[in-house]
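Engineer: I'd like to ask you about the structure that follows.
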Amino acid sequence: MATLAFKIKLIGRKLDRKDGLLQKSDPYLIFKKGETVLYKSEWIKQTLDPDWEIFQLDSKQCGGMDYPLRLECWDWDSDTKSDMIGTVNVSLKELSHKGAIFKLANPKSEGKSAGKIIVDDATPFETEEMKEAREKKEEEEKAEYARLAEEEKRLEEEEKEKEKQRQEEARKAREEEERKEREAEEKRKADEEERLKRERDPEYKRQAEEREKKEAEEKALADDLDFLDAAVSNINSALTF
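148 is the number that my numbering gives to position 148 of the sequence shown; each next residue is one higher, with no gaps.
Next up, the structure:
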């Protein structure tokens, strides 16, 4: 979960007197998470309506936006122990709302209010830690974007190369098909011319038949020689083994 941080300004109104009827209090605030003090404000001299300095809290140190915190309001004394004016349980989520009002519970009189604490301002801001985390995330996202862009470019180039190869293969296939068609057409024409010649010239027909017979005999002889060569090779291999 992302860390949220706020600059908060609190004011007190109608706080209880702790230094007698003729004296006002010197109030200051303490924020606690359990027994851990998260923040202690400056004390404001002689007032029941203090305006404290702006302070900072973030969701990480508070344990989350909804984690219960204890807000204590004290009256500072230089020569004796500070007196508690009142307490109230709050959360950072509640403190982040400008205008929120919290009634202090009187520690000595149950059910009686010891004054009010008001959120005079609450402004979200970015801590150095948050800034570093954001910048790191942005750098990671930038690097990931660059990687994805490079990967997409590589895939596009591969696809272009594959398309180029497909087109080249298709071109070669067309040329091969055209070549076969030309050869078939040329053979058809040659066969047709041969047929016509034989029909017109008996002597040519006789000579052509003799040529074909001679070619068939030569082919049969060549096949016999190939068979003999293979048989001799097998015999030699068997003798060598």
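Even glycine gets a Cβ: it sits at the ideal position worked out from N, Cα and C.
So I85 and D16 are in contact, right, with Cβ under 8 Å, and what is the actual spacing, rounded?
Structural biologist: Contact holds; Cβ gap of about 5 Å.
Engineer: Would K116 and R13 be called neighbours here (beta carbons separated by less than 7 Å)?
Structural biologist: Yes. Within cutoff.
Engineer: Quick check: the Cα distance between L155 and A146, rounded to an integer number of angstroms?
Structural biologist: Taking the straight line from one Cα to the other gives about 14 Å.
Engineer: I need the boundaries of the alpha helix (DSSP H) containing Q56, first residue and last residue.
Structural biologist: No alpha helix (DSSP H) holds Q56; the beta strand (DSSP E) holding it covers 55-58.
Engineer: Tell me the rounded alpha-carbon separation between E158 and A133.
Structural biologist: Whole-angstrom Cα-Cα distance: 37 Å.
Engineer: Count the other CB atoms within 10 Å of the CB of I235; is the residue buried (16 or more) or exposed (fewer)?
Structural biologist: The residue in question, I235, is exposed, as its Cβ has fewer than 16 Cβ neighbours within 10 Å.
Engineer: Tell me whether L71 is buried or exposed, calling it buried when 16 or more other Cβ atoms sit within 10 Å of its Cβ.
Structural biologist: It counts as buried.
Engineer: Report the CB separation of A76 from W43 in whole angstroms; it is logged as a contact under 8 Å.
Structural biologist: Position check: residue 76 holds Trp in this sequence, whereas Ala was assumed. About 4 Å; that satisfies the 8 Å criterion.
Engineer: Would you identify the three-state DSSP class for N106, choosing helix, strand or coil?
Structural biologist: Three-state result, N106: coil.
Engineer: Can you find the residues in the same chain that come closer than 8 Å, C-beta to C-beta, to K87, ignoring five residues on each side of it along the sequence?
Structural biologist: Note that residue 87 corresponds to Thr in the displayed sequence, not to Lys. Hits under 8 Å: R70, L71, E72, C73, L104, A105, P107.
Engineer: Would you mind working out which of Y39, E177, A2, E94 sits nearest D66, comparing C-alpha positions?
Structural biologist: Per the Cα distances, E94.
Engineer: Under a three-way DSSP split, which group does M130 fall into?
Structural biologist: Three-state DSSP puts M130 in a helix.
Engineer: Helix, strand or coil for S113 per DSSP?
Structural biologist: In the structure shown, S113 sits in a strand (DSSP, three-state: E or B).
Engineer: Classify F227: buried if its beta carbon has 16 or more other beta carbons within 10 angstroms, exposed otherwise.
Structural biologist: Exposed, because fewer than 16 other Cβ atoms sit within 10 Å of the Cβ of F227.
Engineer: With K244 and I54 assumed to form a contact (beta carbons below 8 Å), what rounded beta-carbon distance in angstroms separates them?
Structural biologist: In the structure displayed, the chain extends from 1 to 241; residue 244 sits before or after that span and is not available.
Engineer: Work out the CA separation of T127 and A143 for me, nearest whole Å.
Structural biologist: If I take the Cα positions, the gap works out to 24 Å.
Engineer: Tell me whether D26 is buried or exposed, calling it buried when 16 or more other Cβ atoms sit within 10 Å of its Cβ.
Structural biologist: Result: buried.
Engineer: Under DSSP, the alpha helix (DSSP H) around Y204 begins and ends at which residues?
Structural biologist: Run containing Y204: 202-240, per the alpha helix (DSSP H) assignment.
Engineer: According to DSSP, is A100 part of a helix, a strand, or is it coil?
Structural biologist: Coil, per DSSP.
Engineer: What three-state label does DSSP hand Y145 in the structure shown?
Structural biologist: Of the three classes helix, strand and coil, the one that applies to Y145 here is helix, per DSSP.
Engineer: Taking just the CA atoms, how far does M130 sit from E169?
Structural biologist: Roughly 57 Å between the two C-alpha positions.
Engineer: For a test of the three-state rule: what should DSSP assign to R17, helix, strand or coil?
Structural biologist: In the structure shown, R17 sits in coil (DSSP, three-state: anything other than H, G, I, E or B).
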